[in-house]
Ligand code: ADP
Ligand code: MG
């Protein structure tokens, strides 16, 4: 579960000792962080910007399985996926609070691992840890992260701004996190049957990293700003492309035409999905946890973006009464559904 095999009982430190121990070496970088850890509330000052806030709650056994998720990755991912929501508003994330509930089976060394991951994510994306809460839990591990960020009023992107004719774009590639999860689940079952068998993860690093170590796409927010493109709508891909695109269409009161052949899928994702008997397109549509950004832009912005290899144009926005459709590789039109257009059918 974690590398450090020592076990220091948290009771030895007490709650305040634990908080101090975990947060001592986090320093504040942002001018907007007026007061961080140590008082009854953090104090932030965003001057003339609009403030963005987002929270996620992660429960052991529901959102993560410690059989194959190392604690350092859990801390890292918990922060990353939450920052992703701020980026999805076209904002800059600046602070997080991290709250944890710990059952007695977690020694100090385990919590240190979680905070190592929190620290890595904060350092990488220049985020200040400004608070949190710590409690014991009867069962299992609970971790909740709140992200805070900002954007000016005319930069913020909502889900409801897509217009007819806008191009649908997505960053990176899709389906990898889901395929990685299937590999980890498969190896867990093999391990449970025979603990002497080493996991066979050869050649699967990419999809496993996509599952265990996702990264919020702050670089895409920066890129859009450099290119002077303000997306007309944006959302992050946490539940799968189909579900996110439907959110944009529903909230914008529009339809869409999505082209299966344009959906970006990494070759490792593609091959691994096939090996597992899964349709790679369904993994991209319904798999989720890729944390890429899905956004729409005006056609007039296309030239600014067309050479960027990390952004794919996958379709366009239509009038509402045309519905939400996907054109398959064989030119068959499917209605887009939140659970994939053919809910994870096995490929013979
Ligand atoms: P309160 O009793 O007001 O909830 P706490 O004693 O829980 O205060 O917290 C003291 C300080 O430590 C606060 O600034 C709080 O935000 C911070 N803090 C508590 N737990 C954590 C944690 N797990 N991670 C980061 N900061 C924390
Ligand atoms: Mg508290």
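In our numbering, the protein residues as written are 940 to 1287. Glycine included, C-beta positions come from ideal geometry on N, C-alpha and C.
*Enclosing alpha helix (DSSP H) for residue 1116 [first to last residue]*: 1115-1132
*According to DSSP, which residues form a beta bridge with residue 1197?*
1254, 1265
*asked:* I need the DSSP call for residue 1061, collapsed to helix, strand or coil.
replied: helix
*asked:* With the cut-off set at 7 Å, would you say residue 1191 and residue 1099 are in Cβ contact?
replied: yes
_Residues near residue 1175 in its chain [Cβ-Cβ closer than 8 Å; skip 5 each side]_ = 1023, 1024, 1026, 1027, 1155, 1156, 1183, 1230, 1231, 1232, 1233
_Can you tell me whether residue 1282 is helix, strand or coil according to DSSP?_
Confidence at residue 1282 is low in this model, with a pLDDT of 43, below 50, so its placement is unreliable and the value that follows should be read with caution. Residue 1282: coil per DSSP, three-state reduction.
*CB of residue 1037 to nearest heavy atom of the ligand ADP: below 6 Å?*
yes
*Between 1089, 1119, 1158, 1062, which lies nearest to residue 1143 when the distance is taken from Cα to Cα?*
1119
_Beta-bridge pairing of residue 1088 - partner residues as DSSP gives them_ = 991, 1032
*residue 1168: beta carbon under 6 Å from a heavy atom of the ligand ADP?*
no
_Distance between beta carbons of residue 957 and residue 949, contact taken as under 8 Å_ = 6 Å
*asked:* With a threshold of 6 Å on Cβ separation, who are the neighbours of residue 1224 within its own chain once the five nearest residues in sequence on each side are excluded?
replied: 1179, 1180, 1181, 1279
*asked:* Quick check on the burial criterion: 16 or more other C-beta atoms within 10 angstroms. Buried or exposed for residue 972?
replied: buried
*When DSSP labels each residue in this structure, what does residue 999 get in the three-state scheme?*
strand
*Following the continuous alpha helix (DSSP H) through residue 969, name the residue where it begins and the one where it ends.*
Element bounds for residue 969: n/a, residue is neither H nor E.
*Under the rule that 16 or more other beta-carbon atoms within 10 Å means buried, what is residue 1241, buried or exposed?*
exposed
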